[in-house]
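Undergrad: Those protein sequence lines, which keep their order, are chains U and F. Going by the numbering used here, the letters in the first sequence line up with residues 1 to 224, in that order. Going by the numbering used here, the letters in the second sequence line up with residues 1001 to 1224, in that order.
2 protein chains.
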Amino acid sequence: MIRSVILVSGGMDSLVTAAIAKKESDEVFFLHLNYGQLTERKEKECFQKLVGFYQPKEVMLLDIPQFRSIGSSSLIDMNIPLDTQQTGIKVPNTYVPFRNGNFLAIAAGWAEVLAAGRIYIGAVEEDSSGYPDCRESFFRAFERSIHLGTKSETNIRIFTPVIHLKKAEIVKLGKRLAVPFQYSWSCYRDQDLACGTCDSCILRLKAFRDAGMQDPIPYRQKKP
Amino acid sequence: MIRSVILVSGGMDSLVTAAIAKKESDEVFFLHLNYGQLTERKEKECFQKLVGFYQPKEVMLLDIPQFRSIGSSSLIDMNIPLDTQQTGIKVPNTYVPFRNGNFLAIAAGWAEVLAAGRIYIGAVEEDSSGYPDCRESFFRAFERSIHLGTKSETNIRIFTPVIHLKKAEIVKLGKRLAVPFQYSWSCYRDQDLACGTCDSCILRLKAFRDAGMQDPIPYRQKKP
């Protein structure tokens, strides 16, 4: 019996990850974390549609306060202008400090109580913004800390099935898995229509274009 | 300039740890986490007195929801009768799943933003209840996951200065450091007076006795 806790943000990467986890598991448990991100409302809306679509055995939806208090990320604080144009040199200010460490710690506690052996997270290393907590090496180290910090009968592994894929490959894989891309949200900025101009929208639009597909969500504006 | 984030629960171990951190650091930042533990009110009261006593540069006090939702611990759920008499064979039901992993993840995010190089936590391995997330090996693994999951310029180490001490040694050390033991709370049960009969009270009372000291807090009852 394979039970899996899946971190589902409402974004494209976690959507495809959820579809993979669903195929690979007997029971799935969806975990969604609101942390004060400016696009929280829209992400939660997508998450709830995905719950309807994938019918997980249980859902946990939490509002976690730490990042609102800690601040420092343009994803949370409106007063920090969004970094655009990833340089690849420095970590962009959309980085939320040790976010995946916080997410995985919550997932690990829940997984331990559920006796779930797997945590799925839709992190992407190569084609992403250079966030340190999206690296494969980080996940392996965190897995080890879960192993040492939980009961001896608890055995949890972290699965990152899209970590080495390019965005266009994720779109193609999602198409093969018939994922409902219309229930996913990537934009860093707007809440009604995706802006089409932030780094995240640009990456998404390019990914669909490279995959030869039409993105089903509407945009306020699309760069030519 | 040594800046340190200290996890301060209001218990005896974290109090002595805070006193050590204060001596070893130029600036200290106190982090207190309410997670639905039944003794939250009393612990927060102690924490606030400790803030007055030690005057940290900043304080962060958060209510975190995950353990209330996950449940499974008698520290949180009144319907689970408290395990008494530590057998040393199995982890007692006071264990909160991956609690220190969750605490350290929050501390790491804050430390990164503060550019603090140290996190202090008052975990005790040997004389404790056999919680897996109190082991030295866990802290070393978690430190590595912080290293890999934060920016390259971030360099955070985890300090556990009382981890290998017996409770009586912690009391003696606290005495040498002139810590205000009257502002600490250990009881798992009551909120006005310490019960004197739960495992935590018994350990504390024995520690003071072994250290040849009088515990300054009042008890409802003391086992002979």
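Backbone N, C-alpha and C define an ideal beta-carbon position, used for all residues, glycine too.
Once DSSP output is grouped into helix, strand and coil, what is the label at Ser1004(F)?
TA: By one-based count along the second sequence, residue 1004(F) stands at place 4. Strand, per DSSP.
Undergrad: To which residues of the same chain is Gln66(U) closer than 7 angstroms at the C-beta, ignoring the five residues directly before and after it?
TA: Within the first sequence, the letter at position 66 stands for residue 66(U). Take Gln66(U), set aside five residues on each side of it, and the residues of its chain with a beta-carbon closer than 7 angstroms to its own are Asn102, in chain order.
Undergrad: Closest Cβ-Cβ distance between Ile156(U) and chain F: below 7 angstroms?
TA: For this step, residue 156(U) is matched to residue 156 along the first sequence. Answer no: the Cβ-Cβ gap between Ile156(U) and chain F never drops below 7 angstroms.
Undergrad: What number of angstroms, rounded off, separates the C-alpha of Val1179(F) from the C-alpha of Ala1019(F)?
TA: Looking up residue 1179(F) in the second sequence gives position 179. Looking up residue 1019(F) in the second sequence gives position 19. Whole-angstrom Cα-Cα distance: 7 angstroms.
Undergrad: Out of Lys222(U), Lys206(U), Phe181(U), Gln214(U), state which residue places its alpha-carbon closest to the alpha-carbon of Thr197(U).
TA: Along the first sequence, read from residue 1 onward, the residue named residue 197(U) stands at position 197. Out of Lys222(U), Lys206(U), Phe181(U), Gln214(U), Lys222(U) has the C-alpha closest to the C-alpha of Thr197(U).
Undergrad: Over what stretch of residues does the beta strand (DSSP E) that includes Glu1058(F) continue unbroken?
TA: Counting from one through the second sequence, the residue named residue 1058(F) turns up at place 58. Where Glu1058(F) is concerned, the enclosing beta strand (DSSP E) stretches over 1058–1063.
Undergrad: Does Lys151(U) get closer than 7 angstroms to chain F when you measure Cβ to Cβ?
TA: By one-based count along the first sequence, residue 151(U) stands at place 151. Taking Cβ atoms only, chain F reaches closer than 7 angstroms to Lys151(U), which makes this a yes.
Undergrad: Enumerate in chain order the residues of its own chain whose CB-to-CB distance from Trp1185(F) is below 6 angstroms, with the five nearest sequence positions on each side excluded.
TA: Taking the first residue of the second sequence as 1, we reach residue 1185(F) at position 185. These residues qualify, in order along the chain: Gly1010, Lys1042, Glu1043, Cys1046.
Undergrad: Once DSSP output is grouped into helix, strand and coil, what is the label at Glu1125(F)?
TA: Looking up residue 1125(F) in the second sequence gives position 125. Looking at Glu1125(F) - three-state DSSP - the assignment turns out to be coil, as it is neither helix nor strand.
Undergrad: Under 7 angstroms Cβ-Cβ, which residues of chain U neighbour Ser1145(F)?
TA: Translated into positions along the second sequence, residue 1145(F) becomes position 145. Neighbours of Ser1145(F) on chain U, chain order: Gly101, Phe138, Ala141, Phe142, Ser145.
Undergrad: Flag this pair as touching only if the region 1134–1144 of chain F and the region 141–158 of chain U have three or more C-beta atom pairs under 8 angstroms; answer yes or no.
TA: The region 1134–1144 of chain F, when compared against the region 141–158 of chain U, does touch it at the 8 angstroms Cβ threshold.
Undergrad: Could you check which residue in Thr1154(F), Gln1191(F), Ala1123(F) has the C-alpha nearest to that of Ile1163(F)?
TA: By one-based count along the second sequence, residue 1163(F) stands at place 163. Here the closest residue by C-alpha is Ala1123(F).
Undergrad: Interface residues of chain U around Pro1097(F) at Cβ under 8 angstroms?
TA: To locate residue 1097(F), count along the second sequence from 1; it is residue 97. Those are Ala108, Gly109, Trp110, Glu112, Val113, Thr150, listed as they occur along chain U.
Undergrad: Can you have a look at Gln1214(F) and say buried or exposed, based on whether 16 or more other CB atoms are within 10 angstroms of its CB?
TA: Translated into the one-based positions of the second sequence, residue 1214(F) becomes position 214. The residue is exposed, with fewer than 16 neighbouring Cβ atoms inside 10 Å.
Undergrad: On a Cα-Cα basis, can you pick out the residue from Ser73(U), Glu58(U), Asp77(U), Pro81(U) that is closest to Ile1070(F)?
TA: Mapped onto the second sequence, residue 1070(F) falls at position 70. Cα-wise, what sits closest to Ile1070(F) is Glu58(U).
Undergrad: Which same chain residues, not among the five before or five after Arg157(U), have their C-beta less than 7 angstroms away from its C-beta?
TA: Taking the first residue of the first sequence as position 1, residue 157(U) is located at position 157. If you ignore the 5 residues before and after Arg157(U), its C-beta comes within less than 7 angstroms of the C-beta of Gly117, Arg118, Glu143, all in its own chain and listed in chain order.
Undergrad: Closer than 7 angstroms by beta-carbon distance: list the chain U residues that pair up with Gln1066(F), in chain order.
TA: As a first step, residue 1066(F) is located in the second sequence; it is residue number 66 there, counting from the start. Here the neighbours are Leu62, Ile106, Gly109.
Undergrad: Would you kindly work out how many angstroms separate the C-alpha atoms of Val1113(F) and Leu1007(F), rounded to a whole number?
TA: On the second sequence, position 113 is the one that residue 1113(F) refers to. On the second sequence, position 7 is the one that residue 1007(F) refers to. Between Val1113(F) and Leu1007(F), the C-alpha separation is close to 16 angstroms.
Undergrad: Return no unless some Cβ of chain F is closer than 7 angstroms to the Cβ of Ile70(U).
TA: The sequence position of residue 70(U) within the first sequence is 70, counting from 1. Yes, its Cβ sits closer than 7 angstroms to a Cβ of chain F.
Undergrad: Can you find a C-beta in chain F that's less than 7 angstroms from the C-beta of Val91(U)?
TA: Start at 1 with the first residue of the first sequence, and residue 91(U) comes out as number 91. With 7 angstroms as the cut-off, Val91(U) counts as an interface residue toward chain F.
Undergrad: Kindly indicate which residue of Ser1152(F), Ala1105(F), Lys1151(F) has the alpha-carbon position closest to the one of Asp1133(F).
TA: Residue numbering aside, residue 1133(F) sits at position 133 when the second sequence is read from its first letter. Comparing Cα positions, the closest option is Ala1105(F).
Undergrad: Taking Asp190(U) as the reference, which of Leu165(U), Pro218(U), Lys175(U), Leu173(U) has the closest Cα?
TA: Mapped onto the first sequence, residue 190(U) falls at position 190. Here the closest residue by C-alpha is Pro218(U).
Undergrad: Are Lys151(U) and Ala211(U) closer than 7 angstroms when you measure CB to CB?
TA: Locating residue 151(U) in the first sequence gives position 151, counting from the first residue. Locating residue 211(U) in the first sequence gives position 211, counting from the first residue. No, the Cβ-Cβ distance between Lys151(U) and Ala211(U) is not below 7 angstroms.
Undergrad: Report buried or exposed for Met1012(F), applying the criterion of at least 16 other Cβ atoms within 10 angstroms of its Cβ.
TA: Your numbering for residue 1012(F) matches position 12 in the second sequence. Per the 10 Å Cβ criterion, buried.
Undergrad: What does Tyr1054(F) pair with, by DSSP beta-bridge criteria?
TA: Position 54 of the second sequence, counting from 1, holds the residue named residue 1054(F). None, per the DSSP bridge assignment.
Undergrad: Using DSSP with H/G/I as helix, E/B as strand and the rest coil, what is Glu1027(F)?
TA: If you number the second sequence from 1, residue 1027(F) lands on position 27. Three-state DSSP puts Glu1027(F) in a strand.
Undergrad: What are the partner residues of Leu233(U), as DSSP defines its beta bridges?
TA: Absent from the structure is residue 233(U), since the part of chain U shown begins at 1 and ends at 224.
Undergrad: Which runs of the beta strand (DSSP E) fall wholly inside the region 75–158 of chain U and span at least 3 residues, in chain order?
TA: If we require 3 residues or more, the beta strand (DSSP E) runs fully inside the region 75–158 of chain U come out as 118–120.
Undergrad: To the nearest whole angstrom, what separates the beta carbons of Ala229(U) and Val5(U), a pair I think is in contact under 8 angstroms?
TA: Lying outside 1 to 224, the shown extent of chain U, residue 229(U) is not represented and no answer is given.
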